[in-house]
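Just so you know, we're using my numbering here: the sequence shown kicks off at 84 and counts up by one. Notes follow once the structure below has been shown.
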Amino acid sequence: MKKLFFTFLTLLFSSFIMAQASGNINYQHQQSYNNNTIDINFSSNTDIIVSVKGLANIKADAYTAIFSITQTGKTTKEVDELMDQRITQSLNEIKLKKGVETFVDMISFVPVYEYETEKKVFNRKTYNEVPAGFELKKNIHIKFADPAQLNEFISILSNYEIYDLVRVDYFSTELETAKKEMMTKAKLLVQEKVKNYQELLGETFINAEKKITDDYLVSLPVEMYKSYEAYNSSSLSLKKAANINQLNKSITLYYQPIFNKEFDFVINPTVLEPVIQIQYQVKIAITREKKPFSKTDKEFILVTPNGDLKTLNMNTVRQN
């Protein structure tokens, strides 16, 4: 009797993009995004590098959702009229919502084709491509401020067979204010680190050569979603000739923000919903002042007949 073995497959991770209510663009496996923390460097070697990294989590105050709509028909007139009817009726309902703006983006209007079979006596079948109608594609852009409204938009659009939520973009008017706050915090921490290095080394960097560089990196929620596939799979002892039909496994998507463990300071550290994340880094390279060379600093070592090493003080030798 064949035994059935169950093995739990580990979570398979791959990078995807998505917003708070992401959109179907995340199911394109070829999409790939880096999720690295900021790291800037100097090109030359220096004695001391003073670095400060900061992270700010900024909640969005405006959103833009993009829905894709496709219409096909036998004639251009039919396609255009059906498309306008669906868009006009759905947007009339959406515009009743408070603080909502809409825009319709023309994407494509192309003919579509199908194959006709032509069969002749004593000849193979011939497949001829013939016009079958037209296909019209448009995108509906909806700007809104309350994220809870997105569910209402989806409900309205689904009544007109508009289901494809492409993406949701996040915006905030507080980005520049947050950048200035991060720069101020970083400045204080850099000064504190420099002072600490001076105390540890017992010297001052006032006359030392210094170089400075800084930069920002902004990460949007649409770039920070990942996916995994988890399921139980059976292992069967089958004959080589057996056919196995596997089902498509569901892919789960989740929001993965940048962790705050590598930063010297974090503004708004608790993340409940997808946010706009700003990274800031400043680095100072300090080349310590070289002491001037002096002959009196030289040391001479004398090897005695017994093989012992003795250091000679040249100042004492000169005085004698």
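Ideal Cβ placement from N, Cα and C applies to all residues, glycine included. These numbers were taken from a predicted model, which means no experiment stands behind them.
**Asked** Would the beta-carbon of Ala261 fall within 7 Å of that of Ala145?
**Response** no
**Message:** Assuming the contact rule is C-beta atoms closer than 8 Å, Lys136 and Gln362 should be a hit. Round their C-beta distance to whole Å, please.
**Reply:** Right, their Cβ atoms sit about 7 Å apart.
**Message:** Using a 10 Å radius around the Cβ and a threshold of 16 neighbouring Cβ atoms, would you call Phe186 buried or exposed?
**Reply:** Phe186 comes out exposed.
**Asked** What are the boundary residues of the beta strand (DSSP E) that Ala368 is part of?
**Response** 359–370
**Prompt:** Hey, would you say Gly216 sits closer than 7 Å to Thr155, going by beta carbons?
**Reply:** yes
**Prompt:** Do the CB positions of Arg250 and Val305 come within less than 7 Å of each other?
**Reply:** yes
**Item:** CA-to-CA distance, Leu179 to Leu303, given in whole angstroms
**Value:** Their Cα atoms are separated by approximately 29 Å.
**Prompt:** With DSSP run on the structure shown, which of helix, strand or coil describes Tyr243?
**Reply:** Note: Tyr243 maps to coil in three-state DSSP.
**Item:** Where the alpha helix (DSSP H) containing Ser310 begins and where it ends
**Value:** Careful: Ser310 lies outside any alpha helix (DSSP H), inside the beta strand (DSSP E) at 308–312.
**Item:** Cβ shell of Thr158 (< 8 Å), same chain only, five flanking positions each side left out
**Value:** Closer than 8 Å at the Cβ level, and outside the excluded window around Thr158, lie Gly216, Phe217.
**Message:** Per DSSP, what are the beta-bridge partners of Ser134 in this structure?
**Reply:** Lys366
**Request:** Report the residue from Leu271, Glu235, Pro230 whose alpha carbon sits nearest the alpha carbon of Asp252.
**Result:** Pro230
**Prompt:** Under a Cβ-count criterion, where at least 16 other Cβ atoms within 10 Å of its own Cβ denotes burial, should Gln172 be classed as buried or exposed?
**Reply:** exposed
**Message:** Bridge partners for Ile154 per DSSP, in chain order?
**Reply:** Per the sequence shown, the amino acid found at residue 154 is Gln instead of Ile. Bridge partners of Gln154: Leu219.
**Message:** So Tyr337 and Tyr308 are supposed to be a Cβ contact under 8 Å. How far apart are they, rounded?
**Reply:** Sure, about 7 Å apart at Cβ, within 8 Å.
**Request:** Report yes if the C-beta distance between Phe150 and Ile239 is below 7 Å; otherwise report no.
**Result:** no
**Item:** Integer-rounded CB distance, given that Asp298 should sit under 8 Å from Ile65
**Value:** In the structure as shown, the chain starts at 84 and stops at 403, and residue 65 therefore has no counterpart that could be examined.
**Request:** With a cut-off of 8 Å on the beta carbons, I'd call Gln364 and Pro340 a contact; round off their distance for me.
**Result:** A Cβ-Cβ separation of about 18 Å leaves Gln364 out of contact with Pro340 under the 8 Å criterion.
**Item:** Sub-7 Å separation of Val301 and Val133 beta-carbons
**Value:** no
**Proximity of Ile369 and Ala291 at Cβ, strictly below 7 Å** = yes
**Message:** Can you tell me whether Met189 is buried or exposed? The criterion is at least 16 other CB atoms within 10 Å of its CB, across all chains shown.
**Reply:** exposed
**Prompt:** What span of residues does the beta strand (DSSP E) with Leu336 cover, start to end?
**Reply:** 335–338
**Request:** Using a threshold of 7 Å, state whether the C-beta atoms of Ala143 and Ser310 are closer than that.
**Result:** The Cβ atoms of Ala143 and Ser310 lie no closer than 7 Å to each other.
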